[in-house]
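Taken in order, these protein sequences are the chains called A and B.
Position 220, counted from 1, in the first sequence is what full-length UniProt numbering calls 220; the numbers after and before it change by one each time, with no gaps.
Position 331, counted from 1, in the second sequence is what full-length UniProt numbering calls 331; the numbers after and before it change by one each time, with no gaps.
There are 2 protein chains.
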Amino acid sequence: MNTDRALAPGARIGIVGGGQLGRMLALAAARLGLSCHIFTPGADEPAIEVAARATLAAYDDQQALARFADSVDVVTYEFENIPAATAEFLQKLKPVRPSPRVLALTQDRLVEKDFVAKLGIEVAPYAQVDDPGALARAVARIGRPSILKTRRFGYDGKGQALLKEGSDLAVAFRSLGGTPSILEGFVPFSAEVSVVAARGSDGEFLAWDVGENLHDNHILDTTTVPANISDDLRHRAHDMARRIAEALDYVGVLAVEMFVVDGPDGQKLLVNEIAPRVHNSGHWTLDGAVTSQFEQHIRAVCGFPLGSTRAHGPVVMRNLIGDDVENWRELLRQPGACLHLYGKSEARPGRKMGHVTFLKT
Amino acid sequence: MNTDRALAPGARIGIVGGGQLGRMLALAAARLGLSCHIFTPGADEPAIEVAARATLAAYDDQQALARFADSVDVVTYEFENIPAATAEFLQKLKPVRPSPRVLALTQDRLVEKDFVAKLGIEVAPYAQVDDPGALARAVARIGRPSILKTRRFGYDGKGQALLKEGSDLAVAFRSLGGTPSILEGFVPFSAEVSVVAARGSDGEFLAWDVGENLHDNHILDTTTVPANISDDLRHRAHDMARRIAEALDYVGVLAVEMFVVDGPDGQKLLVNEIAPRVHNSGHWTLDGAVTSQFEQHIRAVCGFPLGSTRAHGPVVMRNLIGDDVENWRELLRQPGACLHLYGKSEARPGRKMGHVTFLKT
């Protein structure tokens, strides 16, 4: 159902997924006088206790999904790995934003790369790998080092295998479960950046300043804004994100991760990945910009006007992974540090427990 | 019970009162990974749906109060007119911050003015009025125009009567219900300002920049920061707030409302009122400062270090009273406007429905 109901304060937003992104979306919705209903298979998820309502049920529980849809005015999601069938089922009952089509596209690395490449936007060399034979042919074409990735359900480095000279291709393919994959050429990038942006239901497009991302063990460690890139590159990064959002007829916040690559003709940008949701590299906007990515996403999916993306000044956002969170008291003491904790009780290694934004002016 | 338990993220905060201040406190607590339990006599209050838990019970329901206290690690309140007996009952079970002593003091205009005056801080001329005879004597001393106010339970202009030349004193006294009152001399002020500040459990004191307040029909209309006063006056305003907070052994956020009065020796400040809680004139800090008054109050009552009160730049906060809220879509469109709605369904005249902060840089 895509009929555009005019939403207003008091409206109810359904959020599929109950993690920290859902929590921060629900908190942003509350600022605007909106209430949220979380749908998640997991109990004890961070979003539940800040939302007016929660349904704990499996993604294929159609009775629960129907009741959930019935109770809300619009549905959105906080992560992209929900089953396409769930989104399509919900869309028959209530508007789902961004659309299930976007979800389906970004759930498959191959489909996503084909889509970006067809827009004339450069991506890393890639090849479809459905079996060990295809992997051998892909390696012959793309070379090594290269990275074998499952087409679906990878995140934070999960579902990836690095292929170096001498790596056993069959072992690598089996290590990912033998599922449909793609081989990506290794890109000798000088920096990783991301554009977090929003597109409204009326087509308005607004991006925050480009952030520069550092990863640690495949998990985002810090985002520094502004990224140390030229104005020209910044402009091109924004333009790429805009073209992607427009081609998807996107409504909501999205993030586009890019590699900065030095070349004979100066620096260029390759698109690495599209995230059809609020994104970790946009967390700094909670404290460092006039409008946060979370509020902006809520505004967009409700059909409200978008807010200013102006930054207050330079910032660094640092993720608190696992035990990092034990430094919370020390972080609270640092001038200009804005601490966010997600209310997770157990600090497992690799688990995102919170983040801190350092406002540098 | 005043034993200082070391709280940490995961702690549970009890908030007495369920209005918009409680709502914004609960949202700030959630950012820090804390959960809130709201105690309020009213159903359908703004704070309820953003808190992990709510108890709807009367302030004298000791069973409900005991269960509430049992479920939390620390108790605070979002408005000052809760019965002193309620605060004292809770204090026997869990730490209550700020202390019930502060609550008792600020609930009585006469006791509060005596307290401020004894600190050597100037207040408007005032006199105790317990009966019509005392009112006549007070008017003879203080003159007219002057304002008769009930000692207890007044807010937003309620419980006040303006005495002009020719006003019938007996009628005025009866109009306030014949309850113990005070007469306050009319102060020919050039501006109303307020200091919103926090004192930590370790005695650390931090204030935000002074705001200049305009009222409309006795209800705060706008707060402009910084106030248009000299650096010397700003320094004196902060110093008065600090002395008041220290004399109260205050823990949490408080607001001190002051009059700026022009005199032969330049401008001076008179303290008008102390609010022992987060305050409407500090709402701008949600969008305009590194740390909001709501997070700061939560930090203080949990015994956490206080955060930076640095402002991002000049701001104007405007309350949305009654029908004002119907302009929400227009407000969302204005660049630099940060809209907050409190989730109240009915926009009655005089009701605070939300506020908007305009970031001017």
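From the three backbone atoms N, C-alpha and C, an ideal C-beta is built for every residue, glycine too.
Residues within the region 288-313 of chain A neighbouring chain B, beta-carbon criterion of under 9 Å | V290, T291, E295, R299, F304, P305, L306, G307, S308, R310, H312 and G313
Would you please verify whether the beta carbon of P335/A is less than 7 Å from any beta carbon of chain D?
-> No chain D is present in this structure, whose protein chains are A and B.
From what residue to what residue does the beta strand (DSSP E) around E257/B run?
-> G252 to G263
Report yes or no: is there a C-beta of chain B within less than 7 Å of the C-beta of H355/A?
-> no
Where W284/B meets chain A, residues with beta-carbon distance less than 7 Å = Those do not exist, as W284/B stays about 13 Å from chain A at its closest Cβ, beyond 7 Å.
So, K94/A versus V116/A, is the Cβ gap smaller than 7 Å?
-> no
Neighbourhood of S146/B by C-beta distance below 7 Å, restricted to the same chain and skipping five residues each side | V139, L163, L183, E184, G185 and F186
Beta carbon of A43/A nearer than 7 Å to that of C36/A = no
State whether the region 110-130 of chain B contacts the region 169-184 of chain B, with contact taken as three or more CB pairs (one from each stretch) at a distance under 8 Å.
-> yes
Around the Cβ of D249/B, are there at least 16 other Cβ atoms within 10 angstroms (buried) or fewer (exposed)?
-> exposed
Going along the region 44-68 of chain B in order, which residues come within less than 7 Å of chain A, judged by CB to CB distance?
-> E49, V50 and A52
In or out: A241/A buried (at least 16 other Cβ within 10 Å) or exposed?
-> buried
Going along the chain, which residues of the region 134-163 of chain A sit with their C-beta nearer than 8 Å to a C-beta in chain B?
-> none
Given P41/A, which residues of its chain have a CB within under 8 Å of its CB, disregarding the five upstream and five downstream residues?
-> L56, A57, A58 and Y59
Which of helix, strand or coil does DSSP assign to F89/B?
-> helix
May I ask you to report which of helix, strand or coil DSSP gives Q20/B?
-> helix
Excluding the 5 residues preceding and the 5 following Q20/A in the sequence, name in chain order all residues of the same chain whose CB lies nearer than 7 Å to its CB.
-> P46, Y342 and K352
C-beta contact flag for E78/A and G120/A at 7 Å | no
6 Å CB neighbourhood of T224/B in its chain, flanking five on each side removed = E212 and V316
Rounded C-beta distance between F89/B and Q107/B? I'm assuming under 8 Å.
-> About 16 Å separates the two Cβ atoms, so there is no contact after all.
Which two residues bound the contiguous alpha helix (DSSP H) that contains C236/A?
-> It should be pointed out that residue 236/A corresponds to Arg in this sequence rather than to Cys. Counting along the chain, the alpha helix (DSSP H) containing R236/A begins and ends at D231 to A247.
Straight-line CA distance for L220/B to S308/A?
-> 26 Å
Since W208/B meets chain A, which of its residues come closer than 7 Å, beta carbon to beta carbon?
-> Result: empty, since nearest Cβ-Cβ is about 15 Å, beyond 7 Å.
Test: L103/B CB closer than 7 Å to a CB of chain A | no
Residues of the region 184-209 of chain B with Cβ closer than 9 Å to any Cβ of chain A, in chain order | none
Would you please verify whether the beta carbon of G17/B is less than 7 Å from any beta carbon of chain A?
-> no
Which of the three DSSP states, helix, strand or coil, is assigned to D323/A?
-> helix
Check each candidate in E246/A, L7/A, P98/A and Q91/A and name the one with the smallest Cα separation from E80/A.
-> P98/A
Quick one, which of S175/B, A66/B and R31/B has its alpha-carbon nearest F39/B's?
-> A66/B
Do A124/A and L270/A have their C-beta atoms closer together than 7 Å?
-> yes
Tell whether a beta-carbon distance below 7 Å holds between G200/A and A300/A.
-> yes
Within chain A, the residues that Y342/B reaches when beta carbons sit closer than 8 Å | G33
Which whole-angstrom value is the C-beta distance of A337/B and F358/B, which I expect to be below 8 Å?
-> 5 Å
Does the distance from the CB of E112/B to the CB of I244/B come in under 7 Å?
-> no
What is the rounded straight-line gap between the Cα of L110/A and the Cα of L148/A?
-> 12 Å
Do you know whose CA, among A191/A, H218/A, R144/A and N280/A, lies nearest G237/A's CA?
-> The question names Gly, yet the displayed sequence has Ala at residue 237/A. Cα-wise, what sits closest to A237/A is A191/A.
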